[in-house]
Amino acid sequence: MLQAIAVDSKKQVYITGHTLSTDFPTANPIQASNMGGSSSAPDSSQSDVFVTKFTADGSELLYSTYLGGSNIDEGRDIAVDEDGNAYVTGRTSSDNFPIINPFQDTKSDGADAFVTKLASDGSSLIYSTFLGGSSHEEFFLFGHDAASGIAVDAAGSAYITGVTGSDDFPIKNAIQAQNAGGFLASGPGGDAFVTKLSPDGTALIYSTYLGGGVNPEGLVDQGYDAGMAIAVDRTGHAYITGVTVSDFFPTVNAFQENLSGYSDIFLTKLSPDGSAFIYSTYLGGSIPPSDGLESHLEQATGIAVDDAGHAYLAGWTNSIDFPVANALQPLPPFEHSNFTFSAGFVTKFMVDGSGLIYSTYLSGSQPFRDQVNAIAVDAAGNAYVTGKAASSDFPITPDAIKKTKSVFQAAFVTVFTPNGSALSYSSYLGGSDDDSGIDIALDSSRNIYVAGQTESTDFPIMNPFQAFNAGVIDGFVVKIAPDNIAPTVEAGPAQSIILPNIANLNGSVSDDSFPDPPGTVLTIWEKVSGPGTVTFADSAAVKTTARFSLPGTYILRLTADDDALTTSDEISITVNPPPPLINQAPMVDAGPMQTIFLPGQALLNGTVTDDGLPNPPGTVTTTWSKISGPNVVAFGNPNAVDTTVFFFSAGTYVLRLTALDGPLSRSSDVTITARDQGTSSPSSDVNGDGKADIVWRNTNGMVAIWLMKGVTITSTGFPGGVATEWQIKGVGDVNGDGKADVIWRHGTSGAVAVWLMNGVTMRSVGFPGSPSTDWEIQAVGDVNGDGKADIVWRNSRGATAIWFMNGAAIASAGFPGGVPLVWQIKGVGDVNGDGKADVIWRHGTSGTVAIWLMNGLTITSVGFPGSAPNIWTVNEVD
Numbered sequence: 075m076l077q078a079i080a081v082d083s084k085k086q087v088y089i090t091g092h093t094l095s096t097d098f099p100t101a102n103p104i105q106a107s108n109m110g111g112s113s114s115a116p117d118s119s120q121s122d123v124f125v126t127k128f129t130a131d132g133s134e135l136l137y138s139t140y141l142g143g144s145n146i147d148e149g150r151d152i153a154v155d156e157d158g159n160a161y162v163t164g165r166t167s168s169d170n171f172p173i174i175n176p177f178q179d180t181k182s183d184g185a186d187a188f189v190t191k192l193a194s195d196g197s198s199l200i201y202s203t204f205l206g207g208s209s210h211e212e213f214f215l216f217g218h219d220a221a222s223g224i225a226v227d228a229a230g231s232a233y234i235t236g237v238t239g240s241d242d243f244p245i246k247n248a249i250q251a252q253n254a255g256g257f258l259a260s261g262p263g264g265d266a267f268v269t270k271l272s273p274d275g276t277a278l279i280y281s282t283y284l285g286g287g288v289n290p291e292g293l294v295d296q297g298y299d300a301g302m303a304i305a306v307d308r309t310g311h312a313y314i315t316g317v318t319v320s321d322f323f324p325t326v327n328a329f330q331e332n333l334s335g336y337s338d339i340f341l342t343k344l345s346p347d348g349s350a351f352i353y354s355t356y357l358g359g360s361i362p363p364s365d366g367l368e369s370h371l372e373q374a375t376g377i378a379v380d381d382a383g384h385a386y387l388a389g390w391t392n393s394i395d396f397p398v399a400n401a402l403q404p405l406p407p408f409e410h411s412n413f414t415f416s417a418g419f420v421t422k423f424m425v426d427g428s429g430l431i432y433s434t435y436l437s438g439s440q441p442f443r444d445q446v447n448a449i450a451v452d453a454a455g456n457a458y459v460t461g462k463a464a465s466s467d468f469p470i471t472p473d474a475i476k477k478t479k480s481v482f483q484a485a486f487v488t489v490f491t492p493n494g495s496a497l498s499y500s501s502y503l504g505g506s507d508d509d510s511g512i513d514i515a516l517d518s519s520r521n522i523y524v525a526g527q528t529e530s531t532d533f534p535i536m537n538p539f540q541a542f543n544a545g546v547i548d549g550f551v552v553k554i555a556p557d558n559i560a561p562t563v564e565a566g567p568a569q570s571i572i573l574p575n576i577a578n579l580n581g582s583v584s585d586d587s588f589p590d591p592p593g594t595v596l597t598i599w600e601k602v603s604g605p606g607t608v609t610f611a612d613s614a615a616v617k618t619t620a621r622f623s624l625p626g627t628y629i630l631r632l633t634a635d636d637d638a639l640t641t642s643d644e645i646s647i648t649v650n651p652p653p654p655l656i657n658q659a660p661m662v663d664a665g666p667m668q669t670i671f672l673p674g675q676a677l678l679n680g681t682v683t684d685d686g687l688p689n690p691p692g693t694v695t696t697t698w699s700k701i702s703g704p705n706v707v708a709f710g711n712p713n714a715v716d717t718t719v720f721f722f723s724a725g726t727y728v729l730r731l732t733a734l735d736g737p738l739s740r741s742s743d744v745t746i747t748a749r750d751q752g753t754s755s756p757s758s759d760v761n762g763d764g765k766a767d768i769v770w771r772n773t774n775g776m777v778a779i780w781l782m783k784g785v786t787i788t789s790t791g792f793p794g795g796v797a798t799e800w801q802i803k804g805v806g807d808v809n810g811d812g813k814a815d816v817i818w819r820h821g822t823s824g825a826v827a828v829w830l831m832n833g834v835t836m837r838s839v840g841f842p843g844s845p846s847t848d849w850e851i852q853a854v855g856d857v858n859g860d861g862k863a864d865i866v867w868r869n870s871r872g873a874t875a876i877w878f879m880n881g882a883a884i885a886s887a888g889f890p891g892g893v894p895l896v897w898q899i900k901g902v903g904d905v906n907g908d909g910k911a912d913v914i915w916r917h918g919t920s921g922t923v924a925i926w927l928m929n930g931l932t933i934t935s936v937g938f939p940g941s942a943p944n945i946w947t948v949n950e951v952d
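Using our numbering, the first residue of the sequence shown is number 75, and each one after it goes up by one.
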């Protein structure tokens, strides 16, 4: 009997089950013969497990082996890891079941579960272990301890569930440490178990009972719970489902907190370490039993989990009020509870387990036994199920492989859309006799793999490994290529914009990647309705923008076409007219602060920006005025934005530029300092009191400043210290605030630093540049007359350069000229009283003095005031 199927990343297929046959097909077997079914066995009707691996095309066996001992052995589920290692679980009654590297090396009384891991080539067992306790001999349903489901995570840890009647089942880190099943009236009860094995199979990571009991004041039975299927998500949470008749099955964050009928389904999600319930819930109808003990009203037989953590259940029910939501079939085919009749169901839970996304019956309308046995889910959330249908009107889609069935039951394959409200595919599968789908799997290309059993001699075959039914009941393996499915399209949420803004269209299209090769999906945006024209930046792009010509409500449609299968979605966009234009006050900037020297004038370079309202534009008027200052000033044109202003007295002046646009006005102020040539602040005046101060430096790098008043030190300060590689090259007011700043240079790298000073306090530090060490700072002074000290350089070839400073930044730079190296710069100072420092030179041999009269970078003239013997040196220019 074929019980389970799995598929690996190479699309190779793995199956397991049990067989009585002594001639079951083998290839590269670990165990070549049926130990239970051989003539030497005590009972020739005993079965062995089989494990078989097919090539991707199904035409050959990569390996196929018996697995068992001399008693009954059954393979019930199989999983495969990323490396192609197969994990098999089930039950064994054989004391000599093959064991290697086990957690448990001997079988307890009765039957135990087993877990076996086979190497990817099938040539060896990586581990094989018993799993069980000393079961009650009367344990009636599954035969002592038995596993029904297995899953494996990315680390290679196996997760197993099943049922145990043992009080000493192996437990570790258990969320439930005792068997709560007790005894049933007809025999001992049992609990489900959940076990996680280490990747090498030698240890338990956790193992726990999972179950409850029945109210002693109710039925005489004391509870029975069985785990039927298990799944694990990417984060290691285990999801377990099965059947319970217990009143006190553990519930946490439950969708359904109580047992509704004689038996219900349970769904439990455990934390990765097994120590906590994330949620645990009943699922079932409330119809009371009508056929005694065997009226199990609901049973889950399959489970799957998607990447988001939604759990999908499949199974069967004979309850007429099974919980449904967004159902394809909200009603069953029968009107009363009867064990003779059943319908399949498919249920998708919310991620937190508190509600149903969809839940539906799945059956024909006839009161027969239709049931779902297994479920798988793809990355898009489509659910795939298989099972058996006795109904002749089971839901079948037009593209089915087989649209009708014989008088006997047939297997079926059905695919639900992600919201569960429709079938994207459904087909019978079988021949002229009884057939049943037992398990289902998917590969990365959405190929469907179905395993089951058949009594038909005319079961449909194609590219077979075995082309005929070799016994009364044989297993079958079927691979079904997926049909192309129309894309899923979402145009996005409704929007509201204001002209002339554009709308950002953030559509999405999900495709099934068929037909091969993928990439054939075409998309188009179009206007469905609206008062004006719509211009798309790229109408063929899923994410694009749209521009609208008129206000109003527009409906836009996004359509995706995949090989003639099209899907569309629409979005509503409300385009509002622009708000009425309101005249705003002009934007005004009076310009940067300035320093000039008397007698002199300042050039005012203000800016006024208007919004052009009211129409016609051009009505803005401007006026310059003096706000404060020691004397009157004379504006060249007080109504012009760009004009001149003449000062008669030294001091600080605040001038205001006002712009008037109708009743609206806005102003901006500028500060201008007018200095008398004879009383201008000395270059070393760090506190701006008009008196030169003395800057000191210690050999350890510390800086000190004497603030002077005549020959008296008014105070001393220590603004800081730097490494001795930095050297003070001059002081000067580089930011025009009337306070001298300190200019540094690094002796190795050539980097320049500026301390912006406020008395003895260093307000900030800037690094304007790092010229080559071939250049040396010669002097500091205001060469262009903007009230800010500049830095004069000279290199080893005699070239001269000037940095025009604006605080710690270089506003501009240039090269005024060069002279032979025998000439040396001795300082800078305003020798002609035009407010601009000039360059003083001396000839190193003759002692001749030369002066460059400067206007910024321009040498306006050169003069030679005289010469002096070399015993005289120029020490200071100010």
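Note that the Cβ used here is the ideal one computed from N, Cα and C, for glycine as well.
Given the structure is predicted, the values throughout are model-derived calculations rather than measurements.
For the beta strand (DSSP E) containing residue i, list its first residue and its last residue.
{"i": "TRP946", "result": "No beta strand (DSSP E) holds TRP946; DSSP gives it neither H nor E."}
{"i": "ASN580", "result": "577 to 580"}
{"i": "MET424", "result": "Note, MET424: premise wrong, no beta strand (DSSP E); not H, not E."}
{"i": "ALA883", "result": "883 to 892"}
{"i": "PRO654", "result": "From DSSP, PRO654 is part of no beta strand (DSSP E); its letter is neither H nor E."}
{"i": "ILE802", "result": "800 to 806"}
{"i": "LYS270", "result": "265 to 271"}
{"i": "ALA153", "result": "147 to 154"}
{"i": "ILE925", "result": "922 to 929"}
{"i": "PRO793", "result": "786 to 795"}
{"i": "ASP513", "result": "509 to 516"}
{"i": "LEU94", "result": "Premise fails: LEU94 is in no beta strand (DSSP E) and is neither H nor E."}
{"i": "ILE245", "result": "Premise fails: ILE245 is in no beta strand (DSSP E) and is neither H nor E."}
{"i": "HIS218", "result": "Note, HIS218: premise wrong, no beta strand (DSSP E); not H, not E."}
{"i": "ASP735", "result": "725 to 735"}
{"i": "ARG819", "result": "815 to 820"}
{"i": "LYS476", "result": "Unbroken run through LYS476: none, as it is neither H nor E."}
{"i": "LEU624", "result": "Unbroken run through LEU624: none, as it is neither H nor E."}
Which residue from the options puts its Cα closest to that of residue i?
{"i": "LEU687", "options": "PRO704, THR640 and LEU738", "result": "LEU738"}
{"i": "VAL226", "options": "GLY310, ALA251 and ILE104", "result": "GLY310"}
{"i": "THR594", "options": "VAL951, VAL319, ALA634 and ALA541", "result": "ALA634"}
{"i": "ASN657", "options": "ALA638, ASP685 and ILE394", "result": "ASP685"}
{"i": "VAL237", "options": "VAL317, ALA614 and LYS270", "result": "VAL317"}
{"i": "ALA733", "options": "SER95, THR683, SER320 and GLU600", "result": "THR683"}
{"i": "THR342", "options": "GLY791, SER334 and GLY383", "result": "GLY383"}
{"i": "ALA417", "options": "ALA463, SER935 and SER281", "result": "ALA463"}
{"i": "SER182", "options": "PHE243, ASP122 and GLY164", "result": "PHE243"}
{"i": "GLU850", "options": "ILE802, MET879 and ILE884", "result": "ILE802"}
{"i": "ILE249", "options": "ASP241, ASN774, GLY239 and THR269", "result": "THR269"}
{"i": "HIS975", "options": "VAL81, GLN86 and THR139", "result": "Residue 975 lies beyond the range of the chain shown here (75 to 952); nothing can be said about it."}
{"i": "VAL923", "options": "GLY901, ALA827 and ALA638", "result": "GLY901"}
{"i": "LYS910", "options": "PHE878, VAL694, ALA883 and ILE899", "result": "PHE878"}
Going by the DSSP bridge assignment, what does residue i pair with across the sheet?
{"i": "TYR386", "result": "ALA378 and LYS422"}
{"i": "ALA611", "result": "The partner list for ALA611 (beta bridge, DSSP) is empty, contrary to what the question assumes."}
{"i": "ALA525", "result": "ASP513 and VAL551"}
{"i": "ARG631", "result": "GLU600 and GLU644"}
{"i": "ARG871", "result": "Per DSSP, none; premise fails for ARG871."}
{"i": "ASP743", "result": "ARG730"}
{"i": "LEU781", "result": "SER789"}
*Completely contained alpha helix (DSSP H) runs for the stretch 298 to 362, where each covers 4 or more residues*: none
*Within the chosen definition, does the stretch 393 to 410 reach the stretch 485 to 498 through at least 3 CB pairs nearer than 8 Å?*
yes
*Okay, do the stretch 740 to 750 and the stretch 712 to 728 touch, 3+ Cβ pairs below 8 Å being the bar?*
yes
_Could you check whether the stretch 498 to 512 touches the stretch 522 to 535, counting it as contact only if at least three pairs of C-beta atoms, one from each stretch, sit closer than 8 Å?_
yes
*Would you check if there are 3 or more beta carbon pairs closer than 8 Å linking the stretch 924 to 944 to the stretch 878 to 893?*
Segment contact: the stretch 924 to 944 against the stretch 878 to 893, three or more CB-CB distances shorter than 8 Å; contact assigned.
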